[in-house]
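Below is one structure, written out as structure tokens; the observations come after it.
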Amino acid sequence: MSAVDPGPRRGGLHRRAGLAGWIFITPMLVILGVFLVVPVVMALWVSVSDWNGQGNPFAGGASFVGSTNYAELLTGGGLPQRDFATSLRNNGYYVLFVVPIQTALSLFLAVMVNRRVLRGRGFFRTAFYFPSVTSSVAITVLFLFLFTASGAVNRVLAVVSIDGPNWVNDPRGVLHIVLGALGVDEAPAALQAAPFLGLSWWQWLAGPSVAMCVFIIMAVFTTSGTFMLLFLAALQNVTGEVMEAAEVDGASGWQRFWHVTLPMLRPTVFTVLTLGLIGTWQLFDQIYVTGNAGGPGKTTLTPAFLSYSTSFNNQQWGRGAAIAFLLFAIIIVLTAVQRWTLRERGVPRRRRFWRGVTP
Amino acid sequence: MSRSARRGSAVGIALAAGALALAACGGGSGFDEGTGEDTGGDEATGGAELDVLIGSSGDAETQAVTAALEAWSTETGNTATLQAAADLPQELSQGFAAGSPPDLFYLSTDSFPAYAANGSLAPYAAGLPNADDFYVTLRDSFSFDGELVCAPKDFSTLALIINTDAWEAAGLTDDDVPTTWDELAAVAQTLTTDAQVGLSFGPEWQRIGSFMAQAGGGLVDADGQPIANSAENVEALTYVQGLLSSGSAAYPADIGAGWGGEALGTGAAAMVIEGNWVIGAMTNDFPDIPYRVVELPAGPAGPGTLQFTNCWGVPAGGDSEAALSLVEYLTSGEQQMVFAEAFGVMPSVESVAGDWAAQFPEQEPFIAGAEYAQGVPPIEGIVDVLADFNAQLESLASGDPTAILDSVQANLEAIAGTS
Chain A
1 MSAVDPGPRR GGLHRRAGLA GWIFITPMLV ILGVFLVVPV VMALWVSVSD WNGQGNPFAG
61 GASFVGSTNY AELLTGGGLP QRDFATSLRN NGYYVLFVVP IQTALSLFLA VMVNRRVLRG
121 RGFFRTAFYF PSVTSSVAIT VLFLFLFTAS GAVNRVLAVV SIDGPNWVND PRGVLHIVLG
181 ALGVDEAPAA LQAAPFLGLS WWQWLAGPSV AMCVFIIMAV FTTSGTFMLL FLAALQNVTG
241 EVMEAAEVDG ASGWQRFWHV TLPMLRPTVF TVLTLGLIGT WQLFDQIYVT GNAGGPGKTT
301 LTPAFLSYST SFNNQQWGRG AAIAFLLFAI IIVLTAVQRW TLRERGVPRR RRFWRGVTP
Chain B
1 MSRSARRGSA VGIALAAGAL ALAACGGGSG FDEGTGEDTG GDEATGGAEL DVLIGSSGDA
61 ETQAVTAALE AWSTETGNTA TLQAAADLPQ ELSQGFAAGS PPDLFYLSTD SFPAYAANGS
121 LAPYAAGLPN ADDFYVTLRD SFSFDGELVC APKDFSTLAL IINTDAWEAA GLTDDDVPTT
181 WDELAAVAQT LTTDAQVGLS FGPEWQRIGS FMAQAGGGLV DADGQPIANS AENVEALTYV
241 QGLLSSGSAA YPADIGAGWG GEALGTGAAA MVIEGNWVIG AMTNDFPDIP YRVVELPAGP
301 AGPGTLQFTN CWGVPAGGDS EAALSLVEYL TSGEQQMVFA EAFGVMPSVE SVAGDWAAQF
361 PEQEPFIAGA EYAQGVPPIE GIVDVLADFN AQLESLASGD PTAILDSVQA NLEAIAGTS
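Structure follows, in structure tokens:
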């Protein structure tokens, strides 16, 4: 009997411990539910409804309109669709430039400040990390001062006889500027068609505007420090023995970095890329603080800002929520693609370094 | 009563209070059904509490409105509390979404059509005793489906502001004040030097639209039909493009200024097209710059300018006696003159136009513009159309006026069809 008894008793203990566990996490679950799950469900409902912004959308003030809001953005052919496409283009270029640059730069900085021979490592670590702890609003205002037509940046450029652009007020796309320098001032006939989301190929290929470049520089400047810290933590886990072994094998410094350090940093690279991707697609603060509502020429309009202005300024709550969910879908898809791209290839499963992290 | 029973009833009360709070949260629809009449009885004897939300231009305005609300409260025995919003459209939206909009609020011509179209506003204004005293152009801006919805609180128009030092330095006299487009182009050219441009105005319909009005065009015709790509508008944009490409006119951003007033104040521009808010800015920020205000020159079709205004919005169902009495008080000629003195706006009622012009003779050109000003067409979705138009106007110098106006026309037709 005594051999059989412990079973049910242990189960009872388990159940009681489980109950206690549930009670302990209940406050967190309630908070998450109230402030996360309910709002998300509510926003999802608003995105398929005609809610007019008055009262509770669940209380009968809104009716179901199916995919109308989404259709308006994706196939509507009107101004909402073009605005959405423009915001995707702007933010797409922003991501395309910011994510690789900030990842490479933060890795470079981390490797630099990780060197044992570097004097004043603490100072450099603090200095590089400093922009990350400053509020994005303060940094945006600072950058706006630096990049005015007669600001510090243009004065410096003037010293080397470069006539700087009117940065934050210049709506020209950098690719258009390059093409213009090559003599292509207007859209060639082949690029005038607008088959995708109502924006012509010429517009899609504008590149980030000069104004957007300021935000790109700013993002790289502010976030590199944060990611440097992540890389630094990972680098400290790369033990000296591994490096020594590589050295004994005759690997050069570059080979050691490329074939030993970097593969060992793979999980951190994945984290940094994912965080970067999510953060950059949600560009909002800087645009809001700048205060010209996505200008100049709508070239700093982003989906997050468009969602806000569509809802709050234009009372089109359904469309604003639909933009938010499309942005959500884009982020999910891109993260999945990135995860798939970064998977370890050509290594038998049992010999993989970081089995728990990559698929 | 035992201790536990007492605790039980306390829980019951808490639950009931919670349920009431929830009911209040979801009570947006109940609000619509006219609780206004119920509370109306109380207000006859005073004691109503009104929340007033404004987007203030600064301390002067906040203080003036606060004083007016206090005076009204004392007079009627009600209580009106002022809240100055940091971001009015956002706070207003939050109020409506929460089911507890302010009882009285500033509403811009941009936001008006959207709120009117979704039934958020009480169309109270036609019933005001002074409804016929508001300028016709202002009433048009706040009419929806042919009905005057809310009362214009005051307004501004655009005029030409001239730096008189620069004017005299260029050897110009009173006789040279431009009255036609050709003269404007000529004096702008004369005033342009290495350090200053002759004329500056923001890259937006809210300034350049005045040229469209002078050419006889505009965004919509008298019946509200879109006419954005009319020949008159093309002529106007072509003229503006000429000014910009000749170098005698420039957008403020291109001469290191945030807006026209700053361009005038820093001396980067000798003339700017701005509204009467420029007066306060010059007094506060650039007191040493001497300037004068003249009417905008007439175009091929005569004089033309734009007007900007806000109205006193009242939420649907909130048109109680107290709220209406407060609007009446705030829009009375007498009170509007007080506001005019305090923060430089123009009264929205014609009956005190003479008083205003007598008191501020140097600003007379602003109020003269009220006769022929065009406002923002009250069509739902107009904000986006104007934003898109403005985005294209930023590159007008190198753009194609016809193509720009064609796209505006297409956008206007899209929203005019649905409203």
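The listed protein sequences derive, respectively, from chains A and B.
Residue 4 in UniProt numbering is what sits at position 4 of the first sequence, and the numbering runs on without skipping anything.
Residue 62 in UniProt numbering is what sits at position 62 of the second sequence, and the numbering runs on without skipping anything.
For every residue, glycine included, the Cβ atom is placed at its ideal position computed from N, Cα and C.
Given the structure is predicted, the values throughout are model-derived calculations rather than measurements.
query = For residue 66 of chain B, which residues from the same chain have a beta carbon less than 6 Å from its beta carbon, with the 5 sequence-adjacent residues on both sides left out?
reply = 82
task = Could you check if residue 16 of chain A is buried or exposed, using at least 16 other CB atoms within 10 Å of its CB as the buried criterion?
result = exposed
message = In the DSSP output, which residue or residues are listed as bridge partners for residue 156 of chain B?
response = B:308
message = Please report the distance separating the alpha-carbon of residue 159 of chain B from that of residue 367 of chain B.
response = 10 Å
ask   = Are there 16 or more other CB atoms within 10 angstroms of the CB of residue 236 of chain A, so buried, or fewer, so exposed?
value = exposed
task = Please name the residue in B:126, B:152, B:102 whose C-alpha comes closest to that of residue 308 of chain B.
result = B:152
ask   = For residue 273 of chain B, which of helix, strand or coil comes out of DSSP?
value = strand
task = Consult DSSP for residue 313 of chain A and reduce its assignment to one of helix, strand or coil.
result = helix
task = Determine which residues of the segment 76–96 of chain B have a Cβ less than 9 Å from any Cβ of chain A, and write them out in chain order.
result = 87, 89, 90, 92, 93, 94, 96
query = Got a sec: is the Cβ-Cβ distance from residue 305 of chain A to anything in chain D below 7 Å?
reply = Looking for chain D here will not work: the only protein chains present are A and B.
query = Pairing CB atoms from the segment 158–178 of chain A with CB atoms from the segment 210–229 of chain A, are three or more of them under 8 Å?
reply = yes
query = How long is the line joining the alpha carbons of residue 78 of chain B and residue 109 of chain B, rounded to whole angstroms?
reply = 29 Å
query = Once you ignore the five residues that flank residue 40 of chain B on each side, which residues in its own chain have a CB closer than 7 Å to its CB?
reply = Confidence is the limiting factor: at residue 40 of chain B the pLDDT is only 39, short of 50, which leaves the residue's position unreliable, though a coordinate-based value still follows. Once the five neighbours on either side are set aside, the close Cβ partners of residue 40 of chain B are 320, 321.
query = CA-CA distance, residue 23 of chain B and residue 110 of chain A?
reply = Residue confidence for residue 23 of chain B is low, a pLDDT of 39 falling below 50, so the modelled location carries little weight; the figure read from the coordinates is stated next. Going from the Cα of residue 23 of chain B to the Cα of residue 110 of chain A covers about 55 Å.
query = Using a beta-carbon distance below 7 Å, is residue 384 of chain B in contact with chain A?
reply = yes
ask   = Using the C-alpha atoms, what's the distance from residue 23 of chain A back to residue 267 of chain A?
value = 34 Å
query = For residue 258 of chain A, does the count of other Cβ atoms within 10 angstroms reach 16, so buried, or fall short, so exposed?
reply = exposed
inquiry  = Using the Cβ count rule (16 or more neighbours within 10 Å means buried), how would you classify residue 147 of chain B?
reply    = exposed
Members of the segment 130–150 of chain A that neighbour chain B once the beta carbon cut-off is set at 8 Å = 148, 149, 150
task = Alpha carbon to alpha carbon, how far is residue 289 of chain B from residue 165 of chain B? Give it in angstroms, no decimals.
result = 8 Å
key: Neighbourhood of residue 339 of chain B by C-beta distance below 7 Å, restricted to the same chain and skipping five residues each side   = 64, 154, 345
Through-space distance from residue 88 of chain A to residue 301 of chain B, alpha-carbon basis = 42 Å
query = Closest to residue 125 of chain B by CA distance: which of B:337, B:331, B:385 is it?
reply = B:331
task = Spatial neighbours of residue 364 of chain B within its chain, please: CB distance less than 7 Å, with the 5 preceding and 5 following residues excluded, ordered by chain position.
result = 357
message = For residue 93 of chain A and residue 196 of chain B, I'd like the C-alpha separation in whole angstroms.
response = 36 Å
key: DSSP-derived helix/strand/coil call for residue 92 of chain B   = helix
inquiry  = For a test of your reading of the model: does the CB of residue 255 of chain A fall under 6 Å from any non-hydrogen atom of the ligand SAM? Yes or no.
reply    = The ligand SAM is absent from the structure shown, which contains no ligand whatsoever.
request  = Please state whether DSSP places residue 351 of chain B in a helix, a strand or coil.
outcome  = helix
request  = Let me know if residue 236 of chain B comes out buried or exposed under the rule of 16 or more other beta-carbons within 10 Å of its beta-carbon.
outcome  = buried
query = Is it buried or exposed for residue 39 of chain A, if we count other Cβ within 10 angstroms and need 16 for buried?
reply = exposed
Contacts around residue 68 of chain B, its chain only, beta-carbon distance under 8 Å, and the 5 residues preceding and following it disregarded = 329, 330, 335, 338, 339
query = How should residue 176 of chain A be labelled, buried or exposed, when 16 other C-beta atoms within 10 angstroms of its C-beta is the threshold for buried?
reply = buried
request  = Output the distance between the C-alpha atoms of residue 355 of chain B and residue 63 of chain A, rounded to the nearest integer angstrom.
outcome  = 52 Å
inquiry  = Between the alpha carbons of residue 179 of chain B and residue 326 of chain A, how many angstroms are there, rounded?
reply    = 53 Å
message = Using the Cβ count rule (16 or more neighbours within 10 Å means buried), how would you classify residue 270 of chain B?
response = buried
query = Using a Cβ cut-off of 9 Å, which residues of the segment 310–329 of chain A contact any Cβ in chain B, in chain order?
reply = 310, 311, 312, 313, 314, 315, 316, 317
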